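Below is one structure, written out as structure tokens; the observations come after it.
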Amino acid sequence: MSGLGVISAAGHARRIRLLRNDIHVILDEVIDSGVYHDGPRTERLAAIAGERWGGFPIPVSSGTMALTAAFRGLAGEPGDEVVVPAMTFPSTLFAAIACDLVPVVVDIDPMTRNLDPTAVEAAITPRTRAIVAVHLHGLAADMHRLGSIARRHGLAVIEDCAQAAGATQSGRFVGTFGDFGCFSLWVGKNLGGLGDAGLLIARDRDRVAMLRRWVDLGRDDDRNRHDLVGDLGRIDELDAAVVAHQLELLPQWIERRRGIAAGYSAAFTALPLRLPSDEFDRPHTYYKYAIQTASPHQANALMAHLADSGIAAEQVYPVPVASQPAFTSPVTGRTPGHRRTPVPVAERFARTHVCLPIYPELTDSEVERIIDAVTGYYRGEGASSGKVLATAGRVEHGS
Ligand SMILES: *Cc1c(COP(=O)(O)O)cnc(C)c1O
Numbered sequence: 513m514s515g516l517g518v519i520s521a522a523g524h525a526r527r528i529r530l531l532r533n534d535i536h537v538i539l540d541e542v543i544d545s546g547v548y549h550d551g552p553r554t555e556r557l558a559a560i561a562g563e564r565w566g567g568f569p570i571p572v573s574s575g576t577m578a579l580t581a582a583f584r585g586l587a588g589e590p591g592d593e594v595v596v597p598a599m600t601f602p603s604t605l606f607a608a609i610a611c612d613l614v615p616v617v618v619d620i621d622p623m624t625r626n627l628d629p630t631a632v633e634a635a636i637t638p639r640t641r642a643i644v645a646v647h648l649h650g651l652a653a654d655m656h657r658l659g660s661i662a663r664r665h666g667l668a669v670i671e672d673c674a675q676a677a678g679a680t681q682s683g684r685f686v687g688t689f690g691d692f693g694c695f696s697l698w699v700g701k702n703l704g705g706l707g708d709a710g711l712l713i714a715r716d717r718d719r720v721a722m723l724r725r726w727v728d729l730g731r732d733d734d735r736n737r738h739d740l741v742g743d744l745g746r747i748d749e750l751d752a753a754v755v756a757h758q759l760e761l762l763p764q765w766i767e768r769r770r771g772i773a774a775g776y777s778a779a780f781t782a783l784p785l786r787l788p789s790d791e792f793d794r795p796h797t798y799y800k801y802a803i804q805t806a807s808p809h810q811a812n813a814l815m816a817h818l819a820d821s822g823i824a825a826e827q828v829y830p831v832p833v834a835s836q837p838a839f840t841s842p843v844t845g846r847t848p849g850h851r852r853t854p855v856p857v858a859e860r861f862a863r864t865h866v867c868l869p870i871y872p873e874l875t876d877s878e879v880e881r882i883i884d885a886v887t888g889y890y891r892g893e894g895a896s897s898g899k900v901l902a903t904a905g906r907v908e909h910g911s
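Shown next, in the form of structure tokens:
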């Protein structure tokens, strides 16, 4: 590693340190205001998200909460099904299960790594209520195709935009195609606050009032009156202000991510890898830059080689979501209701991909180091670490 700093897999610690002075000012303003929830900063975040992206935004406490509120907003019957992709964070399924819906897990498309529209259509039954489009790694799922399937079958569309704030298809922002757009504003996402936060965008004005109440324990303007059984899903003023500040910076951050990705893709075209797709009507926003290698062994050996070079790479996610113990051997002994279809593409992708560090705060020389380490591995410099790893098995890389 020779005195060079370690390049972490994710960049949010750097981001927050760089924003330190702005965050101090915001914190002082919140302290002086004496208002910690439901104040002007939350209103301002809703207003600027609405101006930027459209629809009716409701700032909430997390992406999981945004998804849960969206599933509430579906007003389905217990046992109704929602179609979800095999490559996603467990929240996408957990939120549906919390609302007594049954997630039906389908495979991904090998090029986009998003829902395979053919698999979606094959999974539809008379009980299906909604399609849940997860925009994985910052690339919009094909909302034109998924939207037309949904219309044909009379289904709702929920977008999980947790990894794709600012992504578009045909110039239109994700989160505004479906009935609901659900954003995580966790500190480590492309757009975030200081800890956990989220945003729900509803398209239907009538449902917005109900959902605003639902995330505030069912309260209306009269704070002592609760007219529905809700949940506590408010954002706090500090996070709302930090997110609003970052929203101004998001377009230039996405440009920087795309610039880094262009450098990676140019350097890796001749390597035996499948690179992320940057479909022409869906510019990638690169929350993650995932390269797919030829085998699980190669993915592990590449990550070990990168680690030797002081570069933390990771698998996001190392297993398809329904392979999590919550579904295969839950500690409660009770498997949550869900249905699976075969997911060979996701199984393979999960075990063979590697996410390289990609964040706006990377320096050009760090980007060069990452490129050199990956190309060096394929020139054979990683052969020895590959052997070590073959006996060591899978390496765990944090995230
Ligand atoms: C992060 C994430 C979530 C959950 O968001 P939280 O803010 O952590 O609750 C849901 N879905 C996807 C695809 C995510 O990446």
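Following our numbering, the numbering of the sequence shown begins with 513 at its first residue and continues without gaps. Where is the CB? At the ideal position from N, CA and C, for every residue including glycine. A quick note: this is a predicted structure, and the numbers were derived from the prediction, not measured.
- For ligand 1, residues qualifying as neighbours are S574, G575, T576, T600, F601, S603, T604, V646, D672, A674, Q675, S696, W698, D708 and G710, where qualification means a beta carbon closer than 6 Å to at least one of its heavy atoms (chain order).
- Excluding residues up to 5 positions away in sequence, R725 and D739 lie with their Cβ nearer than 8 Å to the Cβ of D732 in the same chain.
- Its Cα nearest to that of D820, the residue D884 stands out among A709, D884 and A838.
- For D592, no beta strand (DSSP E) segment is defined, and its DSSP state is neither H nor E.
- Relative to the Cα of D876, the nearest Cα in the group Q764, R719, R769 and I713 belongs to R769.
- About 6 Å separates the CB atoms of Y801 and P788; that is less than 8 Å, so the two are in contact.
- DSSP places R625 in the coil class of the three-state scheme, outside both helix and strand.
- The alpha-carbon of P571 is positioned some 15 Å away from that of R717.
- Rounded to the nearest angstrom, the Cβ distance from H647 to D672 is 7 Å, consistent with a contact under 8 Å.
- It is roughly 23 Å from the alpha-carbon of P830 to the alpha-carbon of D790.
- Taking every protein chain shown into account, the CB of I823 has 16 or more other CB atoms within 10 angstroms, so this residue is buried.
- Collapsing the DSSP output to three states places I766 in a helix.
- Among the bridge pairs identified by DSSP, H865 is matched with Q804.
- Only residues of its own chain outside the window of five on either side were considered, and among them H757 have a CB closer than 7 Å to the CB of D534, listed in chain order.
- According to the DSSP assignment, V537 belongs to the alpha helix (DSSP H) that extends over R532 to S545.
- The three-state reading of DSSP puts Q758 in helix, counting H, G and I together.
- The beta carbon of L761 lies closer than 7 Å to none in the same chain, with the five residues before and after it left out.
- Minimum Cα-Cα distance from G710 among the listed residues E633, P590, I747 and T840 corresponds to I747.
- Look at P830 here: in three-state DSSP terms it is coil, with no helix or strand label.
- Residue ranges of uninterrupted beta strand (DSSP E) with 3 or more members, entirely inside the segment 668 to 694 and ordered along the chain, are 668 to 672.
- In the three-state reduction of the DSSP assignment, V632 falls in the helix class, which pools H, G and I.
- Excluding the 5 residues flanking it on each side, I543 has no same chain C-beta neighbour closer than 7 Å.
- DSSP places P571 in the strand class (E or B) of the three-state scheme.
- The C-alpha of A862 is placed about 7 Å away from the C-alpha of Q827.
- R719 counts as buried, since no fewer than 16 other beta carbons sit within 10 angstroms of its beta carbon.
- Only residues of its own chain outside the window of five on either side were considered, and among them D619 have a CB closer than 8 Å to the CB of P854, listed in chain order.
- For R584, same chain residues with a beta-carbon under 8 Å away, outside a window of 5 residues either side, are C611, L723 and W726 in chain order.
- In its chain, beyond the 5 residues on either side, I519 have a beta carbon closer than 7 Å to the beta carbon of E878.
- By the neighbour-count definition (other C-beta atoms within 10 Å, threshold 16), G567 is a buried residue.
- Nearest to G523 by C-alpha distance, out of T887, L874, R891 and E893, is L874.
- For the pair V833 and L627, the Cα-to-Cα distance works out to about 13 Å.
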